[in-house]
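Colleague: One structure coming up, written as structure tokens, with questions to follow.
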Amino acid sequence: MTTTNKHEYEFVVSRIKEENYRMLMSSSRYFMLELAAEMAEANQCELTKNERNNALNNEKYLSDYAMSDEDM
Numbered sequence: 001m002t003t004t005n006k007h008e009y010e011f012v013v014s015r016i017k018e019e020n021y022r023m024l025m026s027s028s029r030y031f032m033l034e035l036a037a038e039m040a041e042a043n044q045c046e047l048t049k050n051e052r053n054n055a056l057n058n059e060k061y062l063s064d065y066a067m068s069d070e071d072m
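By the count of the numbering used here, the sequence shown reaches residue 72 at its end, each step adding exactly one.
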């Protein structure tokens, strides 16, 4: 394996890991939104648009670092 191929391989593997992490974070945020909606329904109320946005964009469930294709 040449050095160029090794570097390309490492780059591709890191992008795949990054994308898998991004999908995991996205599905976790969506799951949290579903739980919040179920809790609201159980309490006989509705989530407001702001509450839905907060569930999806809660800082605790966002990545600690920017992805390679995002601005920092």
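For each residue, glycine too, the CB sits at the ideal point set by N, CA and C. Just so we're clear, the structure is a prediction, and the values are computed from it rather than from any experiment.
Helix, strand or coil, according to DSSP, for L35 in the structure here?
Modeller: If DSSP states are grouped into helix, strand and coil, L35 belongs with the helices.
Colleague: Do the CB positions of L47 and A36 come within less than 8 Å of each other?
Modeller: Cβ atoms of L47 and A36: closer than 8 Å.
Colleague: Mapping DSSP to helix, strand and coil, what is N57?
Modeller: N57: coil per DSSP, three-state reduction.
Colleague: Would you report the Cα separation of K6 and I16, rounded to the nearest angstrom?
Modeller: Their backbone Cα atoms lie some 15 Å apart in a straight line.
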